[in-house]
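Accompanying notes for the structure given below.
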Amino acid sequence: MSTRAARTGKTEGCRGVPVMPRRRRTRRGTFLPPAPALRTRDTASTDSGDGGDGGDGGTVDGRRFRQALGTFATGVVAVTAADPRDGRPYGLAVNSFTSVSLDPPLVAFCVSHTSTSWPRVRAAGEITVNVLAGRQREACAQLASRGGDKFAGLGWTASPSGNPILDGALAWLDCAIEAEHVAGDHTIVVTRVLRLDLLADGDPLVFFRGAYGSFTAGLDALAEAVPAP
853 MSTRAARTGK
863 TEGCRGVPVM
873 PRRRRTRRGT
883 FLPPAPALRT
893 RDTASTDSGD
903 GGDGGDGGTV
913 DGRRFRQALG
923 TFATGVVAVT
933 AADPRDGRPY
943 GLAVNSFTSV
953 SLDPPLVAFC
963 VSHTSTSWPR
973 VRAAGEITVN
983 VLAGRQREAC
993 AQLASRGGDK
1003 FAGLGWTASP
1013 SGNPILDGAL
1023 AWLDCAIEAE
1033 HVAGDHTIVV
1043 TRVLRLDLLA
1053 DGDPLVFFRG
1063 AYGSFTAGLD
1073 ALAEAVPAP
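Counting from 1, position 108 in the sequence shown corresponds to residue 960 in this note's numbering; the numbering is continuous, with no gaps.
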């Protein structure tokens, strides 16, 4: 779910240290081992330098901080928009997406100050959030790259706001920017949901410890139904 990705749980894109954790079962499902991370350059996520004290007067090691945040698995979304002048599509991948409020309906995400895609997306006024499916790793990597036509070869249709809805996305939300808050090397963008739709069933794209994976609900129930050898 535009991105020079970091190896933190805040990475919006696809760069990090590939890991292959053992399959972990939970009461509701199984996190499948992630695919090797896809390296990208344009980021909407945290990317502090290696090491460091973590801030003014702080003692937090930057690398350890990223590693700790990387243990928090997230979904990935694509934030898209169309140029109001010529309709050209723009987008970035984001994994810092979160719900904020049900009434009014608000969602938020974080964008790096170094992102080259966000200024173009922001200029459209209304944006569209695409919730990415596990099968959309390559689309995510393309949107996370820097330079070139990020939508080359990607299928999409226009939302009511005119922004791209990616083929294969699980859901989309048309949003208006409500507020922006500068926070360190990122900006927290709060948006109001104007319209939305659920598009398809499927596994979500998951980002964990710098790599992509997929979560399939209900595998524990299947395992319990199979008798032990």
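For glycine and all other residues, C-beta sits at the position ideal for the given N, C-alpha and C.
Between the C-alpha atoms of residue i and residue j, what's the straight-line distance to the nearest angstrom?
{"i": "A1063", "j": "R987", "result": "14 Å"}
{"i": "P1056", "j": "I1029", "result": "25 Å"}
{"i": "Q994", "j": "D1001", "result": "9 Å"}
{"i": "T898", "j": "A1021", "result": "Since pLDDT at T898 reaches only 36, below the 50 mark, its modelled position is unreliable, and the value read off the structure follows with that caveat. Roughly 25 Å between the two C-alpha positions."}
{"i": "S951", "j": "G943", "result": "20 Å"}
{"i": "P971", "j": "F1067", "result": "32 Å"}
{"i": "V1042", "j": "A1031", "result": "5 Å"}
{"i": "L1050", "j": "F1003", "result": "22 Å"}
{"i": "L954", "j": "Q919", "result": "31 Å"}
Measure how close the beta-carbons of residue i and residue j come, nearest whole angstrom, since I'm counting them as under 8 Å.
{"i": "A996", "j": "A945", "result": "4 Å"}
{"i": "V1058", "j": "N982", "result": "Contact flag wrong, Cβ pair sits at about 15 Å."}
DSSP state of residue i, grouped into three classes?
{"i": "G922", "result": "helix"}
{"i": "F1060", "result": "strand"}
{"i": "G1065", "result": "strand"}
For residue i versus residue j, is the C-beta spacing smaller than 8 Å?
{"i": "A991", "j": "G1054", "result": "no"}
{"i": "R1044", "j": "P936", "result": "no"}
{"i": "W1024", "j": "S1011", "result": "yes"}
{"i": "V963", "j": "H1038", "result": "yes"}
{"i": "T923", "j": "R1061", "result": "yes"}
{"i": "F961", "j": "S948", "result": "yes"}
{"i": "I841", "j": "T1009", "result": "Given a span of 853 to 1081 for the chain in the structure shown, any question on residue 841 remains unanswerable."}
Label residue i either buried or exposed according to how many other C-beta atoms from any shown protein chain fall within 10 Å of its C-beta, with 16 as the threshold for buried.
{"i": "P1016", "result": "buried"}
{"i": "G1007", "result": "exposed"}
{"i": "V912", "result": "exposed"}
{"i": "A857", "result": "Caution is warranted here: a pLDDT of 39 is assigned to A857, below 50, making its placement in the model unreliable, and the coordinate value is therefore given only provisionally. It counts as buried."}
{"i": "G914", "result": "buried"}
{"i": "G977", "result": "exposed"}
{"i": "Y1034", "result": "Checking the sequence shown, residue 1034 turns out to be Val, not Tyr. Burial call: exposed."}
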